[in-house]
Amino acid sequence: MKKYLSILTGLLLSGLTSVYAQTLSGNLNGHEYIDLGLPSGTKWATMNVGADSNNIFGGYFAWGEVSTKAEYGKDVQTYNKDASTLFAANIINEDGTLTSNYDAATKNWGEGWRMPSKKEFDELIENCEWEWDKTRVGYYVKGKNGNSIFLPAAGNYFGSSQKEAGYGRYWCASVDESNSFRSWCLCFHSISKYMSNGSYGRYYGRPIRPVTD
24 MKKYLSILTG LLLSGLTSVY AQTLSGNLNG HEYIDLGLPS GTKWATMNVG ADSNNIFGGY
84 FAWGEVSTKA EYGKDVQTYN KDASTLFAAN IINEDGTLTS NYDAATKNWG EGWRMPSKKE
144 FDELIENCEW EWDKTRVGYY VKGKNGNSIF LPAAGNYFGS SQKEAGYGRY WCASVDESNS
204 FRSWCLCFHS ISKYMSNGSY GRYYGRPIRP VTD
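Counting along the sequence shown from 1, when you hit position 179 you're at 202 in my numbering, and nothing is skipped either side.
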């Protein structure tokens, strides 16, 4: 009986893997990406900055910083700064997204990679099927072309401790135009997904999932 249960379990897992298989579309600077068939043509990386597989959390970055650190606090150059101040310091572009020198994806993975804008995260939410995996604790995000990526629920860091384990908190490159002291992030858990400027400051350490054109 155990033998048959093992075979059945294997078949079920095999089926799940095939439904959400990551069909690689290319490689840029040694990092793989997947085409999800999005209207913009944006390609999404298979893993987070600092990770070596798609279910590993990777590094945690304060908004506008390009290195991880042992402790996350309010000693961040971008904290409590509005858009005009950030633009004057060449931290953000005219469109309100981080410049390459302050973009953790670009600085760690090289030219061609960048942090997603709010518009690109919105596109991912609106044009893909999101399926929660309670075993791996994260979302499979499947495009209309059948390709998918996996976003682990990596939480975030404040101080030297991980917070909100089991929740997804991914930094976006965009400031909030209606309240430019804050920046957008993708938030999710098992029953919802949404963009938020939240009550969290830019000093929180969060994972980065890069994109490329």
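Where a beta carbon is used, it is the ideal one built from N, C-alpha and C, also for glycine.
Handout entry: Local Cβ density within 10 Å of ASN71, reported as buried at 16 or more and exposed below that
Key = It counts as buried.
Practice task
Please say whether VAL198 and THR129 have beta carbons closer to each other than 9 Å?
Solution key: no
Practice task
Give the straight-line distance between the Cα atoms of THR108 and GLY169, rounded to the nearest whole angstrom.
Solution key: 43 Å
Practice task
Note down, in chain order, each residue of its chain lying with its Cβ closer than 6 Å to the Cβ of TYR125, except the 5 sequence neighbours on either side.
Solution key: GLY87, ILE114
Problem - Exposed unless 16 or more other CB atoms sit within 10 angstroms - verdict on GLU143 - result: Within a 10 Å sphere around the beta-carbon of GLU143 sit 16 or more other beta-carbons, which makes this residue buried.
Handout entry: Beta-carbon proximity list for MET218, same chain, < 8 Å, skipping 5 on both sides
Key = LYS141, PHE144, ASP145, ILE148, CYS195, TRP207, CYS208, LEU209, CYS210
Handout entry: Same chain, Cβ closer than 7 Å to SER76, neighbours up to 5 away in sequence not counted
Key = MET70
Practice task
Take ALA127 as the anchor and find which of ALA85, GLU152, ALA93 has the nearest alpha-carbon.
Solution key: In terms of Cα proximity to ALA127, the closest of ALA85, GLU152, ALA93 is ALA85.
Handout entry: Extent of the continuous beta strand (DSSP E) run through LYS157
Key = First-last for LYS157: undefined, no H or E at that position.
Handout entry: Whether ASP99 touches GLY224 by CB criterion (9 Å)
Key = The question names Asp, yet the displayed sequence has Val at residue 99. Contact: yes.
Handout entry: Coarse secondary structure for THR235, derived from DSSP in three states
Key = strand
Exercise for the section: May I ask you to report which of helix, strand or coil DSSP gives SER107? Expected result: helix
Practice task
Measure the Cβ-Cβ separation of ASN103 and PHE181 and say whether it is below 9 Å.
Solution key: no
Exercise for the section: Pull up the DSSP beta-bridge partners for ASP58, would you. Expected result: Bridge partners of ASP58: LYS66.
Exercise for the section: Could you check what DSSP says for THR120 in three-state terms: helix, strand or coil? Expected result: THR120: strand per DSSP, three-state reduction.
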